[in-house]
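Student: The following block contains the structure, expressed as structure tokens.
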Amino acid sequence: MNHCICNCLPGVMQYGEMSDVVALHAPRPVLLINGTRDESVPIADARQGFEKLKRVYALLG
């Protein structure tokens, strides 16, 4: 599995998932893109995070 440093915030995983970090941006617009063949973030994990963020954005408008 390859990782790109541009996808990492050092130490952030001790506090939560990347979807938690993106949730801090709510309710402002955000564009999320994940490739279906991305080896660093499986599509099932990306979809799970997206579903979580949909609930956050629904709550915050």
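So in this note's numbering, the last one in the sequence shown is 62, and the numbering has no gaps at all.
Virtual Cβ for every residue (Gly too), placed ideally from N, Cα, C.
Predicted model only: the values in this text are computed from it and were never measured.
#1: Leaving out the 5 sequence neighbours to the left and right, which residues in its chain are closer than 6 Å to Ala47 when beta-carbon positions are compared?
#2: Report, in whole angstroms, the separation of the C-beta atoms of Leu32 and Val22, which I expect to be a contact under 8 Å.
#3: So, Lys55 versus Ser20, is the Cβ gap smaller than 8 Å?
#4: Compare the Cα-Cα distances from Asp62 to each of Met14, Glu18, His26 and Gln15 and report the closest residue.
#5: Could you tell me which of Glu18, Ser41 and Glu40 sits nearest to Phe51, measuring between CA atoms?
Tutor: In short, the structure shows the following:
#1: Asn35
#2: Contact flag wrong, Cβ pair sits at about 15 Å.
#3: no
#4: Residue 62 is actually Gly in this sequence, not Asp. That would be His26, whose Cα lies nearest to the Cα of Gly62.
#5: Glu18
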